[in-house]
Structure formats: structure tokens, C-alpha cells
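Working notes, beginning with the structure itself.
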Amino acid sequence: MSTLAAVNRDAHIHYLHPNRLPWREAVDDEERDFLSRALVGAQGQEAKAVAYLYKELSQLAELEMHVSAVLVRVLCELQGEPAALYGEGSELYHALSCFAAEEINHANTFYRYVRELSGRDIKLTDNLFKERIGLFAKDDSPMVKLAALCATAYVGESLITVFERRIKMLDPEQRFFFTKLLHYHGLDEARHIQSDHFVFDHIIPNLSSSERMRMHELIDATEALNTELAIRSAAQIKTAFGTDYSSDNHSAAVQLKLATAFRRIVQSGDLVVKVDNGLDPETAAEIADFSGLQRVHN
Ligand SMILES: [Fe+2]
Ligand SMILES: [Fe+2]
Numbered sequence: 003m004s005t006l007a008a009v010n011r012d013a014h015i016h017y018l019h020p021n022r023l024p025w026r027e028a029v030d031d032e033e034r035d036f037l038s039r040a041l042v043g044a045q046g047q048e049a050k051a052v053a054y055l056y057k058e059l060s061q062l063a064e065l066e067m068h069v070s071a072v073l074v075r076v077l078c079e080l081q082g083e084p085a086a087l088y089g090e091g092s093e094l095y096h097a098l099s100c101f102a103a104e105e106i107n108h109a110n111t112f113y114r115y116v117r118e119l120s121g122r123d124i125k126l127t128d129n130l131f132k133e134r135i136g137l138f139a140k141d142d143s144p145m146v147k148l149a150a151l152c153a154t155a156y157v158g159e160s161l162i163t164v165f166e167r168r169i170k171m172l173d174p175e176q177r178f179f180f181t182k183l184l185h186y187h188g189l190d191e192a193r194h195i196q197s198d199h200f201v202f203d204h205i206i207p208n209l210s211s212s213e214r215m216r217m218h219e220l221i222d223a224t225e226a227l228n229t230e231l232a233i234r235s236a237a238q239i240k241t242a243f244g245t246d247y248s249s250d251n252h253s254a255a256v257q258l259k260l261a262t263a264f265r266r267i268v269q270s271g272d273l274v275v276k277v278d279n280g281l282d283p284e285t286a287a288e289i290a291d292f293s294g295l296q297r298v299h300n
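With my numbering, the residue at position 91 of the sequence shown is 93, and numbering never jumps.
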């Protein structure tokens, strides 16, 4: 069985679907106390923890909707490509289809979670979707688009892997809803990471040098729009909740540092570099301290 087929062999057994979560447990005082301690790093900071989660998870949902949409686009465009390219057994088709379906389920789940948690329904209406999808609507080869998309998704997927491990370290028996949510999400994300690594190992090295340059341009443009999305989302949520959720917030500080480090690593070569191959000792120590992880990915 090829690498890609093996990645998704059990995707129908170990996966996140919003219906499988115990939603009645999502909000109670104990849960909110856990979020305050686990995220902000102090007791009595429930409101800050909820606003922080609202911003990060709704923004993540927006990114996941974009990933899903671009993957579907790549799949459609690949129909015109020579079948020889991983076409045998349609493994690439299957892998990208699973990936796209899982991301839209994640977006659905995360938006539902922050609505339940906060009792509010705030959409990130200024989500730059037209601009972000527009980058992938041009005449580039679908493999260039796939490579750029995976390289940008990979940063967020690596980051949430670290957070999932932190929350599991603090709640090893998975008593809390948030831990369960991240656990199920992580089942899918582990496969996405493996698919990303497949793209980095087997697809990007086969791109021409001009295609790789174009891939890096697309990564830069996507990251720039994602950064703008983050700035606008932060402003919207801070105003809506009337709190600066990022001040004196341990998780927000670590998140910012790791996101910057991971982005730099990914683009630190002509090919795309995996995070564990580019970690400096100081960042590695910070990850170990925060999450117990010696490596981000296995
Ligand atoms: Fe996801
Ligand atoms: Fe993912």
C-alpha cells in the first residue's frame, strides 16, 4: 500500500464529526474554569479565555473553509492532468477529498463550539475570502496550488498539534469537552500533516524551479492575507467582547512566538522545510515546556 493510501486507511474510523461530540458538556462552570487556567494561565479569567477562543477558533474555521475550497478546486483542475501522476488507484484524489471533507467539518464544529461557549453568534464577515480564494483561481498548475496550500495550512496544523498536546497534558483523562474536541480534531489533523509531508517529499521536489518560485509567491501572498485576516478578526472580537483577550494571556504569547517560528521554518529553503527539521534549540525547549512534546510531529 502506498504512503498516501496508508494515511487514510482508517479515516472512516478515527475522525471528527460534530455530531459525535457531547455538546451538553461544552459549557459549565467547571469547564470554563478549566479554560481559564489552561489557556490564560490563571483562575478567574473565564471571560478572557472565551473571547480568546472565539477569536482563534472562528479564524481557524475561516482558514479551514478556505483550505477545503482550494482543495476541491485542485481536485477539479487535476481531472485534466495526466493520470500517471499519482493517478493509479486515485490515491491522491481520495486523500485530498478526505482532507477537504474533514476541514469543512472542523469549521462547522469550531463555529458551533464558540457560539455555544459564548452564547453569541458573531461571524467574521470581513474574512477576505474573495481575495484568498482569488490567489488560487489563477493559471498556475494545480500541483503548484496544492503545494502552496499545504505549506500554509501546515503552519496552523503544527500549531494546533502543540496546543492539543498541552491541553491533553493538563487533562490526561479527557474529562473536559475542550480536550475531547481537540482530541477528535487531532485525529484528522494527524492525517493532514502526513498528507502535507507527502506533498513536501514527493510533489514539491518534482516542480520546476520556476514553479517552486511561484509556489513561494503564493505562500507569501496567502500568509499576508491570513495575517490581515488575523488583525481584522482580533479587532472585531476585542470590540465585540469588550476585552483585550491577548494581554496577560500565556497561550496567546506562546502562540504568537510559535506561529512566527513555524512560518519562518517552512519557507527557509527552496523546498518546503518540515518544522522539526528547522527548530532552533530555544523554540524546541519552549515547545517541550508548554506541551511536553520533544518533536512536534512523529
Ligand atoms: Fe482542521
Ligand atoms: Fe487540517
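Backbone N, C-alpha and C fix where the C-beta goes; we use that ideal spot for every residue, glycine too.
If you compare alpha carbons, which of D250, R234, D190, A236 is closest to R11? Across the set D250, R234, D190, A236, the C-alpha of D190 shows the shortest separation from the C-alpha of R11.
Within 10 Å of its beta-carbon, does N251 have 16 or more other beta-carbons around it, so buried, or fewer, so exposed? Classification of N251: buried, given that the 10 Å Cβ count is 16 or more.
The region 110 to 121 in contact with the region 129 to 148 per 3-pair CB rule at 8 Å: Two segments are said to touch when three or more pairs of C-beta atoms, one from each, lie closer than 8 Å; by this definition the region 110 to 121 does not touch the region 129 to 148.
Cα-Cα separation, G82 to R193: Distance between the alpha carbons of G82 and R193: 26 Å.
Are there any heavy atoms of ligand 1 lying less than 7 Å away from the beta-carbon of E191, as far as the coordinates show? Yes, since a heavy atom of ligand 1 falls inside the 7 Å radius drawn around the Cβ of E191.
Coarse secondary structure for S143, derived from DSSP in three states: In this structure, S143 counts as coil in the three-state DSSP scheme.
With the cut-off set at 8 Å, would you say V274 and F264 are in Cβ contact? No, they are not a contact pair.
Would you say the beta carbon of H185 comes nearer than 7 Å to a heavy atom of ligand 1? H185 has its CB no nearer than 7 Å to any heavy atom of ligand 1.
Given this structure, state the Cα-to-Cα distance separating L98 from G46, to the nearest angstrom. Their backbone Cα atoms lie some 43 Å apart in a straight line.
Thinking C-beta only, is I221 closer than 8 Å to T1? Shown here, the chain extends from 3 to 300; a query on residue 1 therefore has no answer.
With hydrogens ignored, establish whether the beta-carbon of E105 is closer than 7 Å to any heavy atom of ligand 1. Yes, the Cβ of E105 comes within 7 Å of a heavy atom of ligand 1.
If you count every other CB in all the chains shown that lies within 10 Å of the CB of Q296, and 16 or more means buried, which is it? Burial check for Q296: the Cβ neighbour count within 10 Å stays below 16, so the residue is exposed.
Quick check: is any heavy atom of ligand 2 less than 7 Å from the C-beta of H194? Yes, Cβ of H194 sits closer than 7 Å to a heavy atom of ligand 2.
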